[in-house]
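Q: Mapping the sequence shown onto full-length UniProt numbering, position 2 (from 1) lands on 2, and the numbers just tick up by one.
Take a look at the following structure, please.
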Amino acid sequence: MDYTHLGRTGLRVSRLCLGTMNFGPHTEETDAHQIMDVAHEQGINFFDTANVYGWGENRGRTEEIIGSWFARGGNRREKTVIATKLYGDMGDWPNEGKLSALNIRRSVEASLRRLQTDYIDLYQMHHIDRATPWEEIWQAMEVLVAQGKIVYVGSSNFAGWHIAQAQEAARARNFLGLTSEQSLYNLMERSLELEVLPAAEHYGLGVIPWSPLHGGLLGGVLRKEREGVRRASGRAAETLAVKREQLQAYEDFAAELGHEPGDVALAWLLTRPGVTAPIVGPRTLEQLHAAVRALDVELDQKTLARLDEIFPGHRTAPEDYAW
C-alpha cells in the first residue's frame, strides 16, 4: 500500500479510503468487522463514515458498527485514521442538523460515543450551511481542537468559492481551517475540474472522491447487464440510457487494456493532481479485494489521452468556457 499526505498536513493516509456507508443497511456487523480487518491487512488505514449513515430510523448505526470494531482492541483504533461527518438531521427537533455551534458540539459528542473513541481524526462538514456564519463554525471547531476531540477539519460537497470563503475566514483567525474536500469525482462526472480542484490545490486541501465508479456504471455495467448479473434502475438507468454508447466504448477499451473497467476508473483517479484517496464502499470482501487490485494498474499518457476522448474533462474556469 502506498501512502500520501492529506493535503498540506503531515498526516499520512492510504491511497484508498474505506467507505463504510453500506455497513448496517447492506452489510451485517460481523461481515463489516471482517471487511475492516482485511482492509488493515491490505494496508488501508483511512476509513470514512458519517453520523447519518444507517439512514432513517437507524441513523448512527454505521458509526456504532465501527465503534464495536474499535472496542475489540488489537490497536484497531490506533491504526485507523477515522473520518466522520456532520450536517444531516439526526432527529426531527430544531438544532439537530446543519452547522450551528450548538449542533457541532452535540454532534461530535454523539459520534464519539458511537465510535467508542475519545477523538476523531478528520471531522467533515457534509454540506455547506449557508445560514451559519464562518465565524461561528470556526469558533466551534477551534474549541473541539483545543479540547482534543478532533484533530483536523474537512469539507464535503463544497463549491470552489465555499472553500475560498472558509479558508480566508480561518486564516483571519490564525486557524488551520480545511484540510480536505470530499466530493463527487469520477470519469463520468468531472465538474470538479472547473473550480473545486483548483481551489483545493491552491489552499492545500486533499481531495477525497466519492462514488469513484459513478454508482457502479463504471464497473462494467453493460457486460453485467448482458450476463444477467445486474440491471441498472432509477437514476442509474436514466444515465445509462443517455451514456450507453460512451460506456460501451469505455468497456471495450478496458478490455483492450486487459483490465476490469472498475480497476481502470480507480486507477485513473489516482493519477489526478490533488487526489488523496478515492473512497471505495464495499458491501462484500470480494468488492474490497477488487478495489485494492486497482492499485497495481498503471496508465500511461496514451491511455489517459484515450480516456479523455471517451470522457472529456474540463479545463480550469474560466478558460474552459471563455478566453
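Don't be surprised by glycine CBs; every beta carbon is placed ideally from N, CA and C.
The model shown is predicted, which means the values in this text are computed figures rather than measured ones.
Quick one: grab the DSSP three-state call for lysine 224.
A: Reduced to three states, the DSSP call for lysine 224 is helix.
Q: Around the C-beta of aspartate 320, are 16 or more other C-beta atoms found within 10 angstroms, so that it is buried, or is it exposed?
A: Classification for aspartate 320: exposed.
Q: Nearest by alpha-carbon distance to arginine 59: which of Met21, Ala146 and Gln165 is it?
A: Nearest option by C-alpha distance: Met21.
Q: To the nearest angstrom, report how far apart leucine 187 and leucine 99 are at their CA atoms.
A: Computed Cα separation, rounded: 31 Å.
Q: Do you know how far the Cα of proline 198 is from the Cα of phenylalanine 311?
A: Distance between the alpha carbons of phenylalanine 311 and proline 198: 20 Å.
Q: So what's valine 143 in DSSP terms, helix, strand or just coil?
A: Valine 143: helix per DSSP, three-state reduction.
Q: Name the residue from Gly262, Leu304 and Ala237 whose alpha carbon lies nearest to the alpha carbon of leucine 295.
A: Among Gly262, Leu304 and Ala237, the Cα nearest to that of leucine 295 is on Gly262.
Q: What residue from Leu194, Ala249 and Ile208 has the CA that sits closest to glycine 220's CA?
A: Taking only the C-alpha atoms, the option nearest glycine 220 is Ala249.
Q: Considering only DSSP beta bridges, list what methionine 125 is partnered with.
A: Partner(s): Leu86 and Ser155.
Q: By alpha-carbon positions, which one of Gly177, Pro278 and Val297 ends up nearest to tryptophan 210?
A: Checked all of Gly177, Pro278 and Val297; the closest Cα to tryptophan 210 is Pro278.
Q: Taking 7 Å as the cut-off, decide whether the C-beta atoms of leucine 218 and alanine 170 are in contact.
A: No; because the gap between Cβ atoms is not below 7 Å, this pair is not in contact.
Q: Nearest to alanine 101 by alpha carbon, out of Ala140, Ile82, Leu86 and Glu225?
A: For alanine 101, the nearest C-alpha among the options comes from Ala140.
Q: For a quick check, are the C-beta atoms of alanine 116 and alanine 71 less than 7 Å apart?
A: The sequence as given places glutamine at residue 116; alanine does not occur at that position. Yes, they are a contact pair.
Q: Can the beta-carbon of glutamate 181 be found less than 7 Å from the beta-carbon of histidine 314?
A: Going by C-beta atoms, glutamate 181 is not nearer than 7 Å to histidine 314.
Q: In chain order, what are the residue ranges of uninterrupted beta strand (DSSP E) at least 3 long that sit wholly in the segment 5-57?
A: Qualifying beta strand (DSSP E) stretches, in chain order: 12-14, 17-19 and 46-48.
Q: Going by the beta-carbon positions, is the gap between valine 81 and tyrosine 123 smaller than 7 Å?
A: No. Outside cutoff.
Q: With a threshold of 6 Å on Cβ separation, who are the neighbours of glutamate 96 within its own chain once the five nearest residues in sequence on each side are excluded?
A: Correct list, in chain order: Asp89 and Met90.
Q: Hey, could you find the ends of the beta strand (DSSP E) valine 275 is sitting in?
A: Note, valine 275: premise wrong, no beta strand (DSSP E); not H, not E.
Q: For arginine 8 and serine 155, what's the separation of their Cα atoms in angstroms?
A: Cα to Cα, the separation comes out at about 15 Å.
Q: Under three-state DSSP, which class holds valine 207?
A: Note: valine 207 maps to strand in three-state DSSP.
Q: Alpha carbon to alpha carbon, how far is glycine 24 from glycine 228? Give it in angstroms, no decimals.
A: The alpha-carbon atoms of glycine 228 and glycine 24 are separated by roughly 27 Å.
Q: Given a cut-off of 7 Å, decide if arginine 61 and glycine 54 are closer than it, judged by their beta-carbon atoms.
A: In contact: glycine 54 and arginine 61 (Cβ atoms closer than 7 Å).
Q: Once you ignore the five residues that flank histidine 33 on each side, which residues in its own chain have a CB closer than 8 Å to its CB?
A: If we look at histidine 33 and ignore the five residues flanking it on each side, its Cβ neighbours are Ile65, Ser68, Trp69 and Arg72.
Q: Cutting at 8 Å between CB atoms, please list the residues of its own chain near histidine 26, excluding the five before and the five after it.
A: Excluding positions up to five away in sequence, the list reads Arg283.
Q: Taking a contact to mean a Cβ-Cβ separation below 7 Å, would you say alanine 267 touches leucine 222 in this structure?
A: Taking 7 Å as the Cβ cut-off, alanine 267 and leucine 222 do not qualify as a contacting pair.
Q: Rounded to a whole number of angstroms, what is the C-alpha to C-alpha distance between proline 318 and asparagine 157?
A: Taking the straight line joining both Cα atoms gives about 21 Å.
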